[in-house]
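I have placed the structure first, in the form of structure tokens, so that the comments after it can refer back to it.
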Amino acid sequence: SSLHCVRVMSTKLFLGGLTPSTTRWMLEEYFGQFGCVAEAMVAYQGVQSRGFGFVNYYTIAEAERACSCGPHVIDGRVVDVKFAVPKDEVQSNKVFVGGLPHECTTDALSEYFGMYGTVVDATIQRDRRTNRSRGFGFVRFLRNSSVELVMKHYDKHAIQGKWVDVKRAVPEADIAPTSEPLRAPTPPRAQVAVAYHEVLAMQAALSGLAAQELALRQAAAAAQMMAELQVAASWRAPVFDLPSPT
Numbered sequence: 001s002s003l004h005c006v007r008v009m010s011t012k013l014f015l016g017g018l019t020p021s022t023t024r025w026m027l028e029e030y031f032g033q034f035g036c037v038a039e040a041m042v043a044y045q046g047v048q049s050r051g052f053g054f055v056n057y058y059t060i061a062e063a064e065r066a067c068s069c070g071p072h073v074i075d076g077r078v079v080d081v082k083f084a085v086p087k088d089e090v091q092s093n094k095v096f097v098g099g100l101p102h103e104c105t106t107d108a109l110s111e112y113f114g115m116y117g118t119v120v121d122a123t124i125q126r127d128r129r130t131n132r133s134r135g136f137g138f139v140r141f142l143r144n145s146s147v148e149l150v151m152k153h154y155d156k157h158a159i160q161g162k163w164v165d166v167k168r169a170v171p172e173a174d175i176a177p178t179s180e181p182l183r184a185p186t187p188p189r190a191q192v193a194v195a196y197h198e199v200l201a202m203q204a205a206l207s208g209l210a211a212q213e214l215a216l217r218q219a220a221a222a223a224q225m226m227a228e229l230q231v232a233a234s235w236r237a238p239v240f241d242l243p244s245p246t
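Each residue of the sequence shown is one higher than the one before, counting from 1 in this note's numbering.
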């Protein structure tokens with residue numbers, strides 16, 4: 001773990017090798033022993049954990065303390081902990097190439113970028129159904145320095161007479177997210193269905209209670225009305241003895 005802890009001016013740590021059941025609350029609890037955790041997150045693809053996450057501290061000193069105190073065992077597994085490199089500092093030997101002509105081939109891609117260094121491989125993304133080019137691809141070089149040369153000529157790249165947009169392609173797991181909100185994974189449909197039926201059952205129960213209460217009130221009102229009718233039926237007008245006319 002200490003091999004990854006080269007000092008980086010960052011308070012965010014990358015956590016690799018998480019178990020599928022590891023949650024952000026578990027991360028907060030574990031890494032809270034090294035300092036005050038500002039945020040923690042587990043990366044998800046749909047409802048499945050992607051096996052990595054991040055922890056952010058308030059100070060660099062706290063992040064360094066956590067990083068250097070390995071090995072870290074979370075949820076029964078040793079976790080790889082290292083500083084999350086800010087996006088603009090990530091090193092990569094791969095570039096993304098967008099806006100490719102539809103007639104462009106991987107050979108043409110390799111030939112063009114070969115002027116910047118040894119190309120390990122070049123790929124063009126294609127539609128699975130039609131096999132037509134989707135207009136973008138990737139080029140991987142042998143050395144990172146080739147990418148630096150490519151990026152210096154960002155506004156001059158043209159293939160088959162068409163300008164192409166070239167960007168650094170970096171592994172997503174190495175990038176420190178800057179504004180990604182912490183959110184729980186979307187529950188599976190089965191859980192949603194169960195919750196929905198529970199809500200319906202609760203509503204039905206509440207409706208039943210309301211109906212029962214209404215029936216009791218109506219019965220009470222009817223009983224009161226009957227009592228009043230009985231009182232009215234038993235009431236007789238008083239008889240007065242009037243003096244006879246003389």
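In this text, a Cβ means the ideal position worked out from N, Cα and C, and glycines have one as well. For clarity, every value in this text was computed on a predicted model and none was experimentally measured.
When you compare only the Cα positions, how much space is there between residue i and residue j?
i: T19; j: R77; result: 7 angstroms
i: I175; j: L149; result: Annotation note: pLDDT 49 at I175 (below 50); position unreliable, no value reported.
i: M226; j: Q218; result: 12 angstroms
i: R24; j: M41; result: 5 angstroms
i: L182; j: V55; result: For L182, the predicted model reports a pLDDT of 40, less than 50, meaning its position is unreliable; a value from the coordinates is still stated below. Approximately 11 angstroms between the Cα atoms of the pair.
i: T178; j: S10; result: Its pLDDT being 42, under 50, T178 is placed unreliably by the model, and nothing is read from it.
i: K162; j: A108; result: 13 angstroms
i: G46; j: E39; result: 21 angstroms
i: C67; j: Q125; result: 38 angstroms
i: L13; j: K82; result: 6 angstroms
i: S21; j: M151; result: 40 angstroms
i: R65; j: Y44; result: 27 angstroms
i: S49; j: G17; result: 11 angstroms
For my contact list, residue i and residue j are in at a C-beta cut-off of 8 angstroms; report their separation, rounded to the angstrom.
i: L15; j: V73; result: With a Cβ gap of about 12 angstroms, L15 and V73 do not count as contacting.
i: R168; j: V147; result: 6 angstroms
Assuming residue i is part of the beta strand (DSSP E), what are its boundary residues?
i: S49; result: Q48 to Y57
i: R77; result: R77 to F83
i: D155; result: That residue, D155, is in no beta strand (DSSP E); it is neither H nor E in DSSP.
i: T123; result: V119 to R126
i: S133; result: S133 to F141
i: R65; result: Segment I60 to S68 is the alpha helix (DSSP H) holding R65; no beta strand (DSSP E) there.
i: R168; result: D165 to R168
i: H72; result: H72 to I74
i: F14; result: K12 to G16
i: Y44; result: V37 to Q45
i: F96; result: K94 to G98
With residue i as the anchor, note down where its alpha helix (DSSP H) starts and where it stops.
i: K152; result: N144 to K152
i: E28; result: R24 to F31
i: Y112; result: T106 to F113
Looking at residue i: is its Cβ nearer than 8 angstroms to the Cβ of residue j?
i: G137; j: T123; result: yes
i: L34; j: C69; result: The sequence given here has Phe at residue 34, not Leu. Contact: yes.
i: V164; j: H157; result: yes
Does the pairing of the stretch 88 to 108 with the stretch 138 to 145 give three or more beta-carbon distances under 8 angstroms? The stretch 88 to 108 is in contact with the stretch 138 to 145.
Given 8 angstroms, three or more beta-carbon pairs between the stretch 95 to 106 and the stretch 127 to 139: Counting Cβ pairs under 8 angstroms, three or more are found: they touch.
Taking 8 angstroms as the threshold, find out whether the stretch 51 to 68 comes into contact with the stretch 27 to 43 through three or more Cβ pairs. Contact holds: three or more Cβ-Cβ distances are below 8 angstroms.
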